[in-house]
Every structure is written in structure tokens, then in C-alpha cells.
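Protein chains in written order, with full-length UniProt numbering: chain A, 1 to 326; chain B, 1 to 326. All C-beta atoms in this analysis are idealised placements derived from N, C-alpha and C, irrespective of residue type, glycine included.
Protein chains: 2
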Amino acid sequence: MARRAGVSRATVSRVVNGSTSVAESIRDAVRQAVEEMGYVPNLAARSLVTQRTDSIALILPESATRVFSDDQFFPRIVRGVSQELEAADKQLVLIMAGSTASYDRVERYTTGRHVDGVMFASMHGVDPLPSTLARLGIPVVCSGRPLGRTNPSVPYVDVDSVQGAADAVRHLINTGRQRIATIAGPQDMVAGVDRLTGYRNELRDSSRRSIVAVGDFTRESGAQAMRQLLLDDPHLDAVFAASDLMAHGALRTLREAGRRVPDDVAVVGFDDVEIAQYTDPPLTTVRQPIVQIGREMARQLLRQASGEDVEDALILPTELILRDSA
Amino acid sequence: MARRAGVSRATVSRVVNGSTSVAESIRDAVRQAVEEMGYVPNLAARSLVTQRTDSIALILPESATRVFSDDQFFPRIVRGVSQELEAADKQLVLIMAGSTASYDRVERYTTGRHVDGVMFASMHGVDPLPSTLARLGIPVVCSGRPLGRTNPSVPYVDVDSVQGAADAVRHLINTGRQRIATIAGPQDMVAGVDRLTGYRNELRDSSRRSIVAVGDFTRESGAQAMRQLLLDDPHLDAVFAASDLMAHGALRTLREAGRRVPDDVAVVGFDDVEIAQYTDPPLTTVRQPIVQIGREMARQLLRQASGEDVEDALILPTELILRDSA
DNA sequence: GTGAAAGCGCTAACAG
DNA sequence: CTGTTAGCGCTTTCAC
Numbered sequence: 001m002a003r004r005a006g007v008s009r010a011t012v013s014r015v016v017n018g019s020t021s022v023a024e025s026i027r028d029a030v031r032q033a034v035e036e037m038g039y040v041p042n043l044a045a046r047s048l049v050t051q052r053t054d055s056i057a058l059i060l061p062e063s064a065t066r067v068f069s070d071d072q073f074f075p076r077i078v079r080g081v082s083q084e085l086e087a088a089d090k091q092l093v094l095i096m097a098g099s100t101a102s103y104d105r106v107e108r109y110t111t112g113r114h115v116d117g118v119m120f121a122s123m124h125g126v127d128p129l130p131s132t133l134a135r136l137g138i139p140v141v142c143s144g145r146p147l148g149r150t151n152p153s154v155p156y157v158d159v160d161s162v163q164g165a166a167d168a169v170r171h172l173i174n175t176g177r178q179r180i181a182t183i184a185g186p187q188d189m190v191a192g193v194d195r196l197t198g199y200r201n202e203l204r205d206s207s208r209r210s211i212v213a214v215g216d217f218t219r220e221s222g223a224q225a226m227r228q229l230l231l232d233d234p235h236l237d238a239v240f241a242a243s244d245l246m247a248h249g250a251l252r253t254l255r256e257a258g259r260r261v262p263d264d265v266a267v268v269g270f271d272d273v274e275i276a277q278y279t280d281p282p283l284t285t286v287r288q289p290i291v292q293i294g295r296e297m298a299r300q301l302l303r304q305a306s307g308e309d310v311e312d313a314l315i316l317p318t319e320l321i322l323r324d325s326a
Numbered sequence: 001m002a003r004r005a006g007v008s009r010a011t012v013s014r015v016v017n018g019s020t021s022v023a024e025s026i027r028d029a030v031r032q033a034v035e036e037m038g039y040v041p042n043l044a045a046r047s048l049v050t051q052r053t054d055s056i057a058l059i060l061p062e063s064a065t066r067v068f069s070d071d072q073f074f075p076r077i078v079r080g081v082s083q084e085l086e087a088a089d090k091q092l093v094l095i096m097a098g099s100t101a102s103y104d105r106v107e108r109y110t111t112g113r114h115v116d117g118v119m120f121a122s123m124h125g126v127d128p129l130p131s132t133l134a135r136l137g138i139p140v141v142c143s144g145r146p147l148g149r150t151n152p153s154v155p156y157v158d159v160d161s162v163q164g165a166a167d168a169v170r171h172l173i174n175t176g177r178q179r180i181a182t183i184a185g186p187q188d189m190v191a192g193v194d195r196l197t198g199y200r201n202e203l204r205d206s207s208r209r210s211i212v213a214v215g216d217f218t219r220e221s222g223a224q225a226m227r228q229l230l231l232d233d234p235h236l237d238a239v240f241a242a243s244d245l246m247a248h249g250a251l252r253t254l255r256e257a258g259r260r261v262p263d264d265v266a267v268v269g270f271d272d273v274e275i276a277q278y279t280d281p282p283l284t285t286v287r288q289p290i291v292q293i294g295r296e297m298a299r300q301l302l303r304q305a306s307g308e309d310v311e312d313a314l315i316l317p318t319e320l321i322l323r324d325s326a
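Okay, structure coming up:
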């Protein structure tokens, strides 16, 4: 050990951790010894006593293929989270878990206190892990309201998807559309559920009937769902898609079916991903501040980790972005 | 503690770790106690004694934006790595480090033995971290031959980029092209360097002169580089781009410049990403087995971790895929 | 088959 | 300011 410097391990520890109360001469000697031996502290031992690891996990319950698709949700969340964690000098570890087996491993990893806190994004169904962690006293934050009732409740950051969807549909109503369909997102995800709710709420208020197909947020599923909708109601004159990618797929189907957008059918998306500006025609869509969600998640997590209380829910607003498609 | 089961901690440990030499009655009692108390072993304490964490890091020295771009390198590597690690029941933790500060943190994280092994992909310049880890006895594998001489040398998995590029250029020569330019990749990355070398080697052998512009593997840089090349030699009749994305950018520039592909100018890319099939015209390109690289990296790492020796370099072959652009 | 005891490598109180 | 002492929570001989 670094008693090569002729001091106690306590002193080495002090130097390594930057304590000021060490004589300069000793400090230099220790530093030199550390350098010479290439000494690196064992973090497992350290965290055993400090109860900290200075690292934070972001769990994405999705396959790698999905995470790296052109769905800009993931990069934006990661960017927001990184910014905040960077500033706090915490290490972000990204963990993907697309299968049951891998999710079990994630449970062991996180409950085992390998990290000081855990964030979840893109959750599916009713997931007990967040509240399990909370019960163990491990800080947790979710992106998106967790489905099901959890005990204890876990804090989350979300956008007001219900309102966002309602705004989109209201715009379609205000511009004179009569038969407004929707391509809903997956109903095991809160974003899928809420956007469908917003659509239904608004339609109900205007006593129009709802025309619904369900996709999984991907472009291909949007194209497919649009075909279904055209079969269900050939006279529809508007579609609200719960994601821009699905809206993009829908545009393709509409073109193939010979419908003009927006003349015959108006299309509104959700997310405001980059391609929304480059589709033909550019998509009217609902913008949500994903990067900010990431930042807020990280901020709340750090707050929890330092013992502060955090509010249970933080809901950010959406914004309707008007372009040519509706 | 789980002496609620009325046994020693040693026995609890045995049960939790699935030792067979525990009486059934006791085992059940312990399991029940574990269940009731929601006991979860502290992994820091465990790894302090076992010297294992059962998790493996994949370091991507890139910003989140870049990692999640439409460069399919990252998802493919991750997919390959995941497959192998999944089978070995090791937790993959993905770490991105686009800045110097974050890279320092990564150094602390990895040298501190938070993980049992470290993989690197998409390395830039001469990076001392891999050999530092190797010196500490931490298993390391790189994707792509590390630049510079390292001590000790670290094992790596790579494709034969030099040969792949040479094959591409040879194809252009064989189909009668006379003025063959290249859009090289970034010269701080081994893939950029090697593909340029392959191009130069092959041209030299055919006594044609080289016409070089440099990009950074992105689509935009390819479009830009192509403009440069057209200025440098308006009569060029072929371009080898060191990535498909750059080739895609080049196609756009060529179209804007009124050149027909492949009639006026032949274009060959590198990587065989998905869009290569959908460009206009589809790209002739060099396919490299990225998923397999990921798998091999993981396999070599696991082998190291279990004390076996691994060969220093594993070089996989590339394959020229002929499509309409050349 | 099970318990007692030692110790993984570090930090934190407490003396001095 | 620095060294000594005592664990952090687990696994692992080694007796019994």
C-alpha cells in the first residue's frame, strides 16, 4: 500500500479526497507515491462506507434497436439528463432492458445499490420496480406518470399529454374538420393512453364520433394504422397521430391512397421531431420539452439524493406548432 | 439483519447465493425471512470480497447527440455486445463521454473497479485509458485498432478497413474509372485513417493520382466534401466515401451539380447502413460485420475476465456489396 | 450442514 | 495536523 509515502492510510485517504488539513509536504509525498504506484482507490470499498457511488442510472426498458431508432425521444432525454448530471459531477450509466431476463438483472443491479439513484423513461405497463426502489430508500424519478397505483408513490416528470392532444384536436375542429380519426400510441404506455384520452375528451365535447386505430409510435405502425382508418371511414377528413413518426407513416399511406394533405385530409402529429419539418407537407404537431423533462428528472433525483423532499409530480406544458399539414 | 430466520449471516449468504449444501428447512426459512424483510444484498460489500461486480461497461467517447444520430454503428455494436453479455448474465452499462470533464469521470469510474471489464468503441486520437486499465489488470477490449503505441498493448477487434477500401477502389478501377476521388473519414479515428490508406494503396498501384477531401462521417460533411472535390477536379468520374452517410451527402451534392450517378460519377460508400439501399441510386458499399464486432468484443472480454489469454487482434473481413451507384 | 471469525479496502471519529 | 481504531455488509475458510 501507499505507506510507501511513509504515512497512514488515513492520511492517504485525506489527500486523495482533497482534504485541506494535510501538511503540504506530506500531501506532495503522498501524491507522488500515488503517482508512482499508479494507485487508484477501490470504489466498492469507498461506497461501502460512504453509502454513495456518485453514479446514477437511467433505465430504458426497451431494446437497443428501439432506443437507437429515429425516435428522438431517447437522445433528448439523455441529453437533458446528462446536462444536469454533468454539472453535479455524477456519472450517468445508461441501461437498456428489452427483455424480461435483462429486466431482472436491472432489478438486482439497482436494488443492490450500485447507483445512488435511478431514473426511468419509456416505461411499459405497470412496473413495480420504481416503487420497490423507493421503498428501499433509493431515490427514483420516472419520466411519465407511472401506470397503476404504486406504493409508495414515486415522483415523476411528465408533459400534459391530455391537454396537448386536446389542443391538436381542437385545432382540427376549429378549422372545420368533421370526421377526425386518431392513430393512438401503444396502450401499455402512459403517453399512448393520455393522448388518446385527450382526443376522446375533445371529441366528446364537440359531439363527434371517435375513429381509432392503434400503433406503437413507429413509422411503420402509423402507415398500417392509416390503412385501417381509411377502411373504417373512407370519408374521414382529419387524423391526429400520437407521434410524428406515425404521422409520417400516415402521410405515406394517404399519398398512396390518393388523398391530398391537407386538402382532403388534415394530419397532426405529436412530438415535433426534426423530420416533422421536412415531411411533405411539413407536419403540424404538438411540441413537448423532452430535453427539459430529462433535466428536471435529474434535478429532482439529485434533490432526493441530498435528502430534500420533492414534489410528487411535475407537469410541463406542450405547445401546438402549426405547419402546412393541418 | 435476517437473523429473523434464526440463522447466521453465513447461512443467509449461502442461501442467497444458491449454495446446495443448506438443509431444505433452513433454506425455506431464510427465503421467507428475505421475502418478508425485502432484504437485498449490498453489492458493494459483496464485490469488495468477491472482486466481481458482474457488470461490464461500454464506453462511447461521443456526445449523446452523435451516439443517437442515424449512424448505425452504435446500435449495431450495442446489439452485438448485449447479445453476448445477456447470455453470460452480465449487466451492460453504457457510458457516453463527449467532453473532457466527462472523460475524466469515466476514468475514475472504470479504474475504480465499478465494473469487471471495459469495452471501447469509436475512439478518437491516442487514448491512454485503455492501456491504463490493462495495466491495472482490468480486462479491456477496443473496437478498432488503438492509435499510437500503447503499453501494455490492448486487445482489439476490427475489420480490415484497408482491404475493404482497396476493394472498393479496385472495383472503380476495374469498371474503367480514371479520376477517382475519396471523401476520407476523420483522421483522428482509425477507421478514417485506414480507409484512406486502402484508397491510397490501391491508387498507387494503378498509378492514378489521389484526390482527397476529409469529412467526419456525417452526411453533411459528405455533401460539403463533395463540393470541395468538384472544385479540385471537375473531371473526376468516381468517388469513394469512407462512410455511407458521407456518400449519401455526396449524392445530393452531385445531383445539385447536375452530375448523373453512376453515368458521370460512380459513388461507393462504406458501412452498408440501411439507407444505402434506399438512396437514389442505391449505394454500392463495403459491408462490415459491426454486430459481430460487438459480439467478439464481449466474448474476448469475458474470456479475459475468466483469466484466459486472448489474442491481441481479431480482424474480420469486409464484403463489397454491388448496387447501382457504381 | 452450520456457525464463528477474519478480512475485502476504504473512511470517519477520536485521540493525541 | 496525523495516526489509531472501528466498522461499512458481505463472503469464505475453518472448525464443529
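Contacts with chain B at 8 Å (Cβ-Cβ) include residue 111/A. Within the model, the alpha-carbon separation for residue 270/A versus residue 149/A is close to 27 Å.
Pairing residue 170/A with residue 61/B, the inter-Cα distance amounts to about 45 Å. Restricting attention to alpha helix (DSSP H) runs no shorter than 4 residues, the segment 280–326 of chain A encloses them at 290–305, ordered along the chain. Interface residue (Cβ-Cβ distance to chain A less than 8 Å): residue 40/B is classified as such.
The shortest C-alpha to C-alpha distance from residue 307/A to any of 264/A, 116/A, 26/A and 199/A is the one to 116/A.
In the three-state reduction of the DSSP assignment, residue 25/A falls in the helix class. Any Cβ of chain A closer than 8 Å to the Cβ of residue 229/B would place that residue at the interface, and such an atom is absent. Runs of beta strand (DSSP E) with 3 or more residues, each lying fully within the segment 193–256 of chain A, are found at 211–214 and 238–241, listed in chain order. Counting other Cβ atoms within 10 Å of its Cβ, residue 196/B reaches 16 or more and is therefore classed as buried. Within its own chain, the residues whose Cβ lies closer than 6 Å to the Cβ of residue 94/A, once the five positions on either side in sequence are excluded, are 58, listed in chain order.
Neighbours of residue 135/A in chain B, taken as residues whose beta carbon is under 8 Å from its own, are 38 in chain order.
Under the DSSP assignment, residue 56/A falls in the beta strand (DSSP E) whose first and last residues are 55–60. Taking the C-beta atoms as reference points, residue 321/A is found nearer than 8 Å to residue 287/A. Its Cα nearest to that of residue 324/B, the residue 263/B stands out among 263/B, 311/B, 289/B and 291/B. One Cα belongs to residue 212/B, the other to residue 203/B, and the distance between them is close to 12 Å. Under DSSP, residue 92/B takes part in a beta bridge, and its partners are 56/B. Chain B has no Cβ within less than 8 Å of the Cβ of residue 240/A. At least one CB of chain A lies nearer than 8 Å to the CB of residue 43/B. Inter-residue distance for residue 86/B and residue 298/B is about 10 Å (C-alpha atoms, whole angstroms).
Non-local C-beta neighbours of residue 303/A in its own chain, meaning closer than 7 Å and more than five positions away in sequence, comprise 310, ordered along the chain. By the criterion of a C-beta distance shorter than 7 Å, residue 144/B is surrounded in its chain by 123, 156, 158, 190 and 191, once the five residues flanking it on both sides are discounted. For residue 228/B, the CB contacts under 8 Å within the same chain, skipping 5 residues up- and downstream, are 213 in chain order. With distances taken between CA atoms, residue 77/B lies nearest to 120/B out of 105/B, 120/B and 39/B.
The C-beta of residue 30/A comes no closer than 8 Å to any C-beta of chain B. Within chain B, the C-beta atoms nearer than 9 Å to that of residue 86/A come from 99, 101, 102 and 105, in chain order. DSSP places residue 154/B outside both helix and strand once states are collapsed to three, so it counts as coil.
The continuous alpha helix (DSSP H) containing residue 132/A extends over residues 129–135. Remark: C-beta atoms of residue 217/B and residue 71/B approach each other more closely than 8 Å.
Here residue 106/A has 59, 95 and 97 as same chain residues with Cβ atoms under 7 Å from its own Cβ, once five neighbours each way along the sequence are excluded.
Distance from residue 141/B to residue 300/B at the Cβ level is roughly 5 Å; contact confirmed, criterion being Cβ atoms closer than 8 Å. Interface with chain B (8 Å Cβ-Cβ cutoff): residue 218/A is excluded.
What residue 70/A touches in chain B, judged by beta-carbon distance under 8 Å, is 70, going in chain order.
When secondary structure is reduced to three states using DSSP, residue 181/A falls in the strand class. Non-local beta-carbon contacts of residue 14/A in its own chain, meaning distances under 8 Å to residues more than five positions away in sequence, involve 21 and 22 in chain order.
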